[in-house]
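*Asks:* One structure is given below, represented as structure tokens, and several questions about it will come after.
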Amino acid sequence: MTPLLQVKSLTKRYGPRIGCADVSFDLYPGEVMGIVGESGSGKSTLLGCLAGHMSPDEGQVIFDTATGPRDTLRMTEPERRMLSRTDWAYVHQNPRDGLRMGVSAGGNVGERLMAVGNRHYGRIRETATDWLGRVEIAADRIDDRPSAFSGGMQQRLQIARNLVTGPRLVFMDEPTGGLDVSVQARLLDLLRGLVREMGLSAIIVTHDLAVVRLLADRLMVMKSGHVIEAGLTDQVLDDPQHGYTQLLVSSVLQV
Amino acid sequence: MEDYNFAYLDEQTKRMIRRALMKAVAIPGYQVPFASREMPMPYGWGTGGVQVTAACLTPEDQLKVIDQGADDTTNAVSIRKFFQRTAGVAVTEATAEATVIQTRHRIPETPLTEGQILVYQVPIPEPLRFLEPREVETRRMHALEDYGLMHVKLYEDIAKHGEIATSYAYPVKVEGRYVMDPSPIPKFDNPKLGGNAALQLFGAGREQRIYALPPYTQVVSLDFEDHPFVASKADHPCALCGATDSYLDEVIVDDEGGRMFVCSDTDYCTGRQQAWTEDAA
Ligand SMILES: [Zn+2]
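Chains as they are written, first to last, in my numbering: chain A, 1 to 255; chain B, 256 to 536.
Pasting the structure below:
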């Protein structure tokens with residue numbers, strides 16, 4: 001099977017400082033990769049480089065496009081934008097960064113559909129209604145603006161807005177960050193259901209090991225810009241090899 | 256005013272504006288930045304249109320200026336006077352006789368012909384501004400033809416009002432490429448934008464943008480399959496000339512709240528009334 005994403009020797013420096021260094025991994029269709037580490041570990045830099053929000057200094061990010069594997073770092077800006085509104089999706093930590101706050105919930109969900117050429121209002125609205133239901137937002141909220149929603153609802157709306165076009169790869173940056181614990185649990189359940197149901201491939205960056213335990217098939221642990229441990233999630237969390245990973249895992253156990 | 260150069264602007268400024276106009280004509284619907292000059296009138300008075308007109312005028316031109324279709328409003332009268340004094344050009348109210356027509360909010364009813372120039376005064380040139388306030392981002396969206404947002408605006412309209420309620424400045428796509436704001440003309444006028452024999456120039460003074468539709472450009476009003484574009488107008492004939500094919504203004508005629516619908520294009524309406532009287536005679 002061709003990997004959906006092949007990352008090769010990805011390096012990003014900020015002047016003399018290392019953002020992330022020599023990161024390589026393959027992601028297969030239907031797989032969820034978790035990237036964990038403390039703040040400053042390079043996990044957000046890595047996600048930014050993978051998703052095309054930052055330009056790395058070295059390396060390749062090869063995506064299996066409809067016309068075969070392509071290095072997305074060498075794509076033109078229009079090609080990359082097209083990718084980011086069709087095959088790719090990006091869920092921001094802060095829903096305000098991923099939503100249009102001045103546009104109704106239905107318009108937010110419908111935007112990607114319209115961006116790829118859907119021109120039938122009735123069908124766009126029908127799909128938006130369906131997706132609101134899938135993320136547990138009542139259909140009668142479809143014309144409300146996200147500013148009238150709670151933080152948890154905003155995050156669920158952002159997820160619906162991203163998944164509506166059936167992307168093949170979803171990037172998530174701390175998708176449960178900034179939410180109350182009870183709200184987090186509900187969102188995680190919802191995400192797990194969607195990932196399984198849609199067979200989604202995803203890369204999730206988080207500092208929260210509970211998130212990766214629940215969602216990720218595989219795990220990479222980052223420290224000072226380097227991947228220091230990688231493997232199946234349960235393996236890494238139950239039997240961490242690296243001292244730093246052991247520390248991370250034990251600190252979670254203490255909570 | 257004799258101290259001024261022909262049509263007020265100095266030759267260097269006019270050349271700069273003409274260069275922007277050439278670029279705008281070469282890329283229909285694309286907003287070309289230009290260094291807008293201070294004009295001896297406030298921005299709301301159409302300084303963008305005035306500068307474009309000044310750059311186009313020749314001493315042989317016949318100028319017509321309309322505001323909401325009328326030649327006799329304060330705005331139209333002062334701009335017309337301005338060019339009479341600074342350029343000494345002949346002025347006219349007859350659409351067919353004019354070589355350059357500066358307009359705010361209307362396209363004349365009388366079909367324009369080859370060789371005529373229609374100059375629009377534009378307050379906000381950016382059709383995406385309503386939903387995306389960042390200039391850098393809207394420019395990128397134009398460059399990448401990333402126009403999903405434009406339909407989001409129409410979607411919101413239908414969600415809120417049950418139909419596309421946008422009735423002025425209705426967005427269009429030019430030659431299948433750039434999405435353009437036609438300035439606040441009623442959507443009734445949108446069909447006249449496309450395939451027009453005249454050269455159409457758009458000037459936004461405060462926002463420093465020029466754009467253009469060369470003659471016979473393809474212009475399509477955005478819509479949905481199940482909510483198609485309709486060039487609507489008040490469902491009445493004109494109370495003065497009986498026209499059923501012209502855009503109408505509702506005017507209050509007495510203190511009792513009496514109303515009637517009349518052509519907004521005064522030249523068109525007067526012309527039809529005169530033809531009537533002549534027929535009768
Ligand atoms: Zn009339």
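Even for Gly, the Cβ is constructed at its ideal location relative to N, Cα and C.
#1: Which residue's Cα is closest to the Cα of Gly30(A): Met54(A), Met1(A) and Pro16(A)?
#2: Is the Cβ of Val109(A) closer than 8 Å to any Cβ of chain B?
#3: Measuring CA to CA, which of Leu404(B), Asp478(B) and Val391(B) is closest to Glu418(B)?
#4: Would you say the beta carbon of Ala139(A) is closer than 7 Å to some non-hydrogen atom of ligand 1?
#5: Against chain B, which members of the stretch 65-84 of chain A pass a CB distance test of less than 9 Å?
#6: Quick one: using the 10 Å Cβ neighbour count with 16 as the cut-off for buried, is Val255(A) buried or exposed?
#7: With a threshold of 8 Å between beta carbons, is Gly284(B) in contact with chain A?
#8: The alpha helix (DSSP H) with His397(B) in it runs from where to where?
#9: So, helix, strand or coil for Ser251(A), using DSSP?
#10: So what's Phe457(B) in DSSP terms, helix, strand or just coil?
#11: What is the chain-ordered set of residues for which the beta carbon lies under 5 Å from any non-hydrogen atom of ligand 1?
#12: Are the beta-carbon atoms belonging to Val116(A) and Leu386(B) less than 8 Å from one another?
#13: Determine whether the beta carbon atoms of Ser233(B) and Val427(B) lie at a separation below 8 Å.
#14: Alpha carbons only, please: which of Asp140(A), Leu163(A) and Pro146(A) is nearest the one belonging to Trp131(A)?
#15: Report the neighbours of Ser147(A) on chain B: residues whose CB is nearer than 9 Å to its CB, in chain order.
#16: Please classify Ala535(B) as buried or exposed, where buried requires at least 16 neighbouring CB atoms within 10 angstroms.
#17: What span of residues does the alpha helix (DSSP H) with Val205(A) cover, start to end?
#18: Arg335(B) and Leu318(B) - do their beta-carbons sit closer together than 8 Å?
#19: Determine the closest residue to Val429(B) out of Ile440(B), Leu448(B), Gly512(B) and Pro483(B), with distance taken between C-alpha atoms.
#20: Would you mind sorting Gly299(B) into buried or exposed? The rule is 16 or more other CB atoms within 10 Å of its CB.
#21: Given a cut-off of 8 Å on the beta-carbon distance, is the pair Tyr523(B) and Pro366(B) in contact?
#22: Under the three-state reduction of DSSP, which class applies to Gly59(A): helix, strand or coil?
#23: Determine the chain A residues that contact Tyr433(B) at a beta-carbon separation under 8 Å, and present them in chain order.
#24: Quick test of your reading: Gly343(B) and Gly460(B), contact by CB under 8 Å. State the CB separation rounded to the nearest angstrom.
#25: Inspect the CB distances between the stretch 227-234 of chain A and the stretch 266-277 of chain B and report whether three or more fall short of 8 Å.
#26: Mind pulling the chain B residues with CB within less than 9 Å of Tyr90(A)?
#27: Quick check on Gly324(B): buried or exposed, where buried means 16 or more other Cβ atoms within 10 Å of its Cβ?
#28: What residue range does the beta strand (DSSP E) around Ile18(A) cover?
#29: Run down chain B in chain order and give the residues with a C-beta less than 7 Å from the C-beta of Val103(A).
#30: Ignore the nearest five residues each way along the sequence and tell me which others in His482(B)'s own chain have a CB closer than 7 Å to its CB.
#31: Are the CB atoms of Met435(B) and Pro388(B) within a distance shorter than 8 Å?
#32: What residues in its chain sit with their C-beta under 8 Å from that of Ser44(A), if we drop five residues either side in the sequence?
#33: Please decide whether Gly122(A) counts as near chain B, where near means a Cβ-Cβ distance under 8 Å.
#34: With a CB to CB cut of under 6 Å and the five nearest residues on each side skipped, what residues in its chain are close to Arg64(A)?
#35: Three or more C-beta pairs under 8 Å: does that hold for the stretch 52-60 of chain A against the stretch 234-248 of chain A?
#36: Tell me, which residues are paired with Leu259(A) by DSSP?
*Replies:* Working from what's here:
#1: Position 30 of the first sequence, counting from 1, holds the residue named residue 30(A). It is Met1(A).
#2: Within the first sequence, the letter at position 109 stands for residue 109(A). Against chain B, the CB of Val109(A) has no partner CB under 8 Å away; the residue lies outside that interface.
#3: Within the second sequence, the letter at position 163 stands for residue 418(B). Cα-wise, what sits closest to Glu418(B) is Asp478(B).
#4: Counting from 1 along the first sequence, the entry for residue 139(A) is found at position 139. Outside the cutoff, so no.
#5: Across the stretch 65-84 of chain A, CB contacts with chain B closer than 9 Å involve Glu77, Pro78, Arg81 and Met82, in sequence order along the chain.
#6: Within the first sequence, the letter at position 255 stands for residue 255(A). Only weak support is given to the placement of Val255(A): the predicted model assigns it a pLDDT of 39, under 50, and the question is left unresolved by the model.
#7: Mapped onto the second sequence, residue 284(B) falls at position 29. So no, Gly284(B) is outside the interface.
#8: Within the second sequence, residue 397(B) is the residue found at index 142, counting from 1. Counting along the chain, the unbroken alpha helix (DSSP H) around His397(B) starts and ends at Glu390 to Ala398.
#9: Numbered from 1 along the first sequence, position 251 holds the residue referred to as residue 251(A). Ser251(A): helix per DSSP, three-state reduction.
#10: Within the second sequence, residue 457(B) is the residue found at index 202, counting from 1. Strand, per DSSP.
#11: A Cβ closer than 5 Å to some heavy atom of ligand 1 marks a residue here, and those residues are Cys493(B), Leu495(B), Cys496(B), Ala498(B), Cys518(B) and Cys524(B).
#12: Against the first sequence, residue 116(A) aligns to sequence position 116. Against the second sequence, residue 386(B) aligns to sequence position 131. Not closer than 8 Å, so no.
#13: Limits of chain B in this structure are 256 at one end and 536 at the other, which puts residue 233(B) out of reach.
#14: Taking the first residue of the first sequence as 1, we reach residue 131(A) at position 131. Between Trp131(A) and the set Asp140(A), Leu163(A) and Pro146(A), the nearest pair of CA atoms involves Leu163(A).
#15: Here the question's residue 147(A) lines up with position 147 in the first sequence. Those within 9 Å of Ser147(A) in chain B number zero; the least Cβ separation is about 14 Å.
#16: Counting from one through the second sequence, the residue named residue 535(B) turns up at place 280. It is exposed - the Cβ of Ala535(B) has fewer than 16 other Cβ atoms within 10 Å.
#17: In the first sequence, counting from the first residue as 1, residue 205(A) sits at position 205. Note, Val205(A): premise wrong, no alpha helix (DSSP H); beta strand (DSSP E) at Ser201 to Thr206.
#18: Walking along the second sequence from the start, residue 318(B) turns up at place 63. Walking along the second sequence from the start, residue 335(B) turns up at place 80. Result yes, Cβ atoms of Leu318(B) and Arg335(B) sit closer than 8 Å.
#19: Residue mapping note: residue 429(B) aligns to position 174 of the second sequence, counting from 1. Per the Cα distances, Leu448(B).
#20: Here residue 299(B) refers to the residue found at position 44 when the second sequence is read from its first residue. It counts as exposed.
#21: Position 268 of the second sequence, counting from 1, holds the residue named residue 523(B). Position 111 of the second sequence, counting from 1, holds the residue named residue 366(B). For Tyr523(B) and Pro366(B), no; Cβs fall outside 8 Å.
#22: Here residue 59(A) refers to the residue found at position 59 of the first sequence. Strand.
#23: Translated into the one-based positions of the second sequence, residue 433(B) becomes position 178. Neighbours of Tyr433(B) on chain A: none; closest Cβ ~15 Å, over 8 Å.
#24: Numbered from 1 along the second sequence, position 88 holds the residue referred to as residue 343(B). Numbered from 1 along the second sequence, position 205 holds the residue referred to as residue 460(B). Incorrect: roughly 23 Å between the Cβ atoms, too far for contact.
#25: Touching, no, given that fewer than three Cβ pairs across the two stretches are closer than 8 Å.
#26: Reading the first sequence from its first residue, position 90 is the one you call residue 90(A). Correct list: empty, because the minimum Cβ distance to chain B is about 15 Å.
#27: Reading the second sequence from its first residue, position 69 is the one you call residue 324(B). A residue is called buried when at least 16 other Cβ atoms come within 10 angstroms of its Cβ; Gly324(B) meets this threshold and is buried.
#28: The residue given as residue 18(A) occupies position 18 in the first sequence. Run containing Ile18(A): Arg17 to Leu27, per the beta strand (DSSP E) assignment.
#29: Locating residue 103(A) in the first sequence gives position 103, where the first residue counts as 1. Contacts between Val103(A) and chain B, judged by CB atoms closer than 7 Å, involve Leu386, Val407 and Glu411 in chain order.
#30: Counted from its first residue, the second sequence places residue 482(B) at position 227. Excluding five sequence positions before and after His482(B), the CB atoms of its chain that fall closer than 7 Å to its own CB belong to Ile413, Glu418 and Ile419, given in chain order.
#31: Here the question's residue 388(B) lines up with position 133 in the second sequence. Here the question's residue 435(B) lines up with position 180 in the second sequence. Met435(B) sits away from Pro388(B), with the two beta carbons spaced by 8 Å or more.
#32: By one-based count along the first sequence, residue 44(A) stands at place 44. Cβ contact annotation for Ser44(A) (same chain, cutoff 8 Å, sequence separation greater than five): Asp173 and Val205, in chain order.
#33: Mapped onto the first sequence, residue 122(A) falls at position 122. With 8 Å as the cut-off, Gly122(A) counts as an interface residue toward chain B.
#34: Residue 64(A) sits at position 64 when you count from the first residue of the first sequence. For clarity, residue 64(A) is Asp in the given sequence; the question names Arg instead. Take Asp64(A), set aside five residues on each side of it, and the residues of its chain with a beta-carbon closer than 6 Å to its own are Thr2 and Leu4, in chain order.
#35: Not touching, per the Cβ criterion.
#36: Nothing can be reported for residue 259(A), as the shown portion of chain A is limited to 1 through 255.
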